[in-house]
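>
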Amino acid sequence: MDHPIRVSSSERNHKKSDKDMAVEKISDVEFGEVLPAFTPDTSLENVKKFVSAAGWDSPRFTDHEAAKEQGLPAALVPGIMSQGFLSAMIHHWAPNAEIKMIDTVFRAPCLVDDQYNINGVVTDIDTEKGSVEIDLTVTNSANETRVFGTANILI
Amino acid sequence: MTGQDSIDVESLREEFLGQVFDEYVFSLDADQLAQYAQSCGETASKFTDPNDPDFQAPPTIASSFNPRKAYPDNFPSFQGLGMDAGKSVHLEKPMRAGEQITAKTSMHDIYTKSGRSGRMVFFVNRMTMVDSQGVVLGSSDTSVVIREKPQEE
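Line order of the protein sequences matches chains A and B. First residue of the first sequence: 394, per the numbering used here; consecutive thereafter. First residue of the second sequence: 58, per the numbering used here; consecutive thereafter.
Written as structure tokens, this is what we have:
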């Protein structure tokens, strides 16, 4: 029986840069592939919409001045919203992807109305299982990582 | 316990790991699910349109579920700043609007990491979601870290 293709992150090579077609099957995925970057909507209006839907409404997410009174630099984008941005990025790249696991570490806060990039890199492909592992980051305009993690998806 | 005592991780593990300390039943609202997905930037109609025949909750929705109790009864309180250290979601089946979901939360893990600024203790709560037939839909882990003050010699 053939063994599935599994490649380690140390073997990472960098990918085709001009890929803009959606991934539909496991053979479309390349090791080391960088997922199309995604700039999320972190406006106060959109964060209010999110926390209302999530049942997480709090001034620390929806009011810059109230957040500052709590010692924060500004209103925060909830960590779970960053996780949602990462999930959306995966679906933009592979619309049929089924996310089986997404694990995120909130290293530093993301601030409402600041600009962030949502990034992903393919680090493992198992063609037999149809699974792909993706390293995830949320970076700010200074390219500092605010959130990082991994996802495991089925295609 | 005072701020100078170190947390007895082994005894906490023995007493509390695996103990389900919170359970409740709920259902998800279609419009709220669509709003959650849209605000995160999802564009597929199966996440954004409640009329889509395959309409389902976005995969990370379980991260937003909170247990009614944060810790088991009789769990000690600790001095120090507790911080949200991360969220992890495992999915078995999509969650759907209107279905009855039972969420059970247990203390899944307690572990330590040591650094230059002292020891950090991580508490991991796991919420497991099952449908009305008892089929597991997925689970969500929430990690909280407490940084201990270094022990004085």
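Ideal Cβ placement from N, Cα and C applies to all residues, glycine included. On a predicted model such as this, the values are computed, not experimentally measured, just so you know.
Can you tell me the Cα-Cα spacing of A:Leu479 and A:Ile511, whole angstroms?
For this step, residue 479 of chain A is matched to residue 86 along the first sequence. For this step, residue 511 of chain A is matched to residue 118 along the first sequence. Going by the C-alpha atoms only, they are around 6 angstroms apart.
> B:Met140 and B:Val202 look like a contact to me (Cβ under 8 angstroms); what is the Cβ gap, rounded to whole Å?
Start at 1 with the first residue of the second sequence, and residue 140 of chain B comes out as number 83. Start at 1 with the first residue of the second sequence, and residue 202 of chain B comes out as number 145. Indeed, because the Cβ distance is near 5 angstroms, the residues count as touching under 8 angstroms.
> Can you give, in chain order, each stretch of the beta strand (DSSP E) that sits fully within the segment 430 to 505 of chain A and has at least 3 residues?
Listed in chain order, they are 491 to 499.
> DSSP three-state call for A:Val427: helix, strand or coil?
On the first sequence, position 34 is the one that residue 427 of chain A refers to. Residue state, collapsed to three classes: strand.
> Taking C-alpha atoms, which residue in A:Ile492, A:Asp517, A:Glu526, A:Gln508 lies nearest to B:Ser196?
Against the second sequence, residue 196 of chain B aligns to sequence position 139. With distances taken between Cα atoms, B:Ser196 lies closest to A:Ile492.
> How should B:Thr162 be labelled, buried or exposed, when 16 other C-beta atoms within 10 angstroms of its C-beta is the threshold for buried?
Along the second sequence, one-based indexing puts residue 162 of chain B at 105. Counting Cβ neighbours within 10 Å, B:Thr162 comes out buried, since at least 16 surround it.
> For A:Gly472, which residues in chain B fall below 9 angstroms Cβ to Cβ?
Numbered from 1 along the first sequence, position 79 holds the residue referred to as residue 472 of chain A. Ordered by position in chain B, the residues that pass the 9 angstroms Cβ test against A:Gly472 are Ser120, Asp141, Gly143, Lys144.
> Quick one: which residues of the segment 89 to 104 of chain B get their C-beta closer than 9 angstroms to a C-beta of chain A? List them in chain order.
From the segment 89 to 104 of chain B, only Gln89, Leu90, Ala91, Gln92, Tyr93, Ala94, Gln95, Ser96, Cys97, Gly98, Glu99, Thr100, Ala101, Phe104 have a Cβ closer than 9 angstroms to chain A.
> Output yes if chain A places a C-beta closer than 7 angstroms to the C-beta of B:Pro107; else output no.
Residue numbering aside, residue 107 of chain B sits at position 50 when the second sequence is read from its first letter. No, its Cβ sits nowhere closer than 7 angstroms to a Cβ of chain A.
> On a Cα-Cα basis, can you pick out the residue from B:Asp65, B:Gly155, B:Arg204 that is closest to B:Ser174?
On the second sequence, residue 174 of chain B is found 117 positions in, with the first residue counted as 1. Nearest C-alpha to B:Ser174: B:Arg204.
> Please compile the residues from chain A whose C-beta is within a distance smaller than 9 angstroms of the C-beta of B:Leu148.
Walking along the second sequence from the start, residue 148 of chain B turns up at place 91. Those are Glu491, Ile492, Lys493, Met494, Ile495, listed as they occur along chain A.
> For a contact defined as C-beta to C-beta under 8 angstroms, what are the partners of A:Asp434 on chain B?
If you number the first sequence from 1, residue 434 of chain A lands on position 41. In chain order: Ser96, Gly98.
> Look up B:Gly155 in the DSSP assignment and give the residues it is bridged to.
In the second sequence, residue 155 of chain B corresponds to position 98, counting from 1. Note: B:Gly155 sits in no beta bridge, so no partner.
> Answer with yes or no whether the minimum CB distance from B:Pro124 to chain A is below 7 angstroms.
As a working mapping, residue 124 of chain B is identified with position 67 in the second sequence. Closer than 7 angstroms: no.
> Going by DSSP in three states, B:Ser171 sits in which element: helix, strand or coil?
Numbered from its first residue, the second sequence carries residue 171 of chain B at position 114. Strand at B:Ser171.
> Please compile the residues from chain B whose C-beta is within a distance smaller than 7 angstroms of the C-beta of A:Phe431.
By 1-based counting over the first sequence, the position of residue 431 of chain A is 38. Residues of chain B passing the Cβ test: Gly98.
> Comparing C-alpha positions only, which one of A:Met474, A:Lys442, A:Arg453, A:Ser475 sits nearest to A:Pro466?
For the purposes of this step, residue 466 of chain A is taken as residue 73 along the first sequence, with counting starting at 1. For the residues A:Met474, A:Lys442, A:Arg453, A:Ser475, the minimum Cα distance to A:Pro466 belongs to A:Arg453.
> Report yes or no: is there a C-beta of chain A within less than 7 angstroms of the C-beta of B:Pro116?
As a position in the second sequence, residue 116 of chain B is number 59, starting the count at 1. Answer yes: the Cβ-Cβ gap between B:Pro116 and chain A drops below 7 angstroms somewhere.
> Which residues in the same chain as B:Ser145 place their Cβ atom closer than 6 angstroms to its Cβ, once the five residues preceding and following it in sequence are excluded?
The residue you call residue 145 of chain B lines up with position 88 of the second sequence. Counting only Cβ-Cβ distances below 6 angstroms, and skipping sequence neighbours, we find Asp198.
> How long is the line joining the alpha carbons of A:Arg539 and A:Met474, rounded to whole angstroms?
In the first sequence, the residue the question calls residue 539 of chain A occupies position 146. In the first sequence, the residue the question calls residue 474 of chain A occupies position 81. Each residue's Cα considered, the two are about 13 angstroms apart.
> Could you list the residues in the segment 440 to 453 of chain A with a C-beta less than 8 angstroms from some C-beta on chain B, going in chain order?
Taking 8 angstroms as the Cβ-Cβ cut-off against chain B, the residues of the segment 440 to 453 of chain A that qualify are Val440, Lys442, Phe443, Ser445, Ala446, Ala447, Gly448, Trp449.
> Please confirm if A:Phe478 has its CB atom under 7 angstroms from at least one CB of chain B.
What you label residue 478 of chain A is simply residue 85 of the first sequence in a count that begins at 1. With 7 angstroms as the cut-off, A:Phe478 counts as an interface residue toward chain B.
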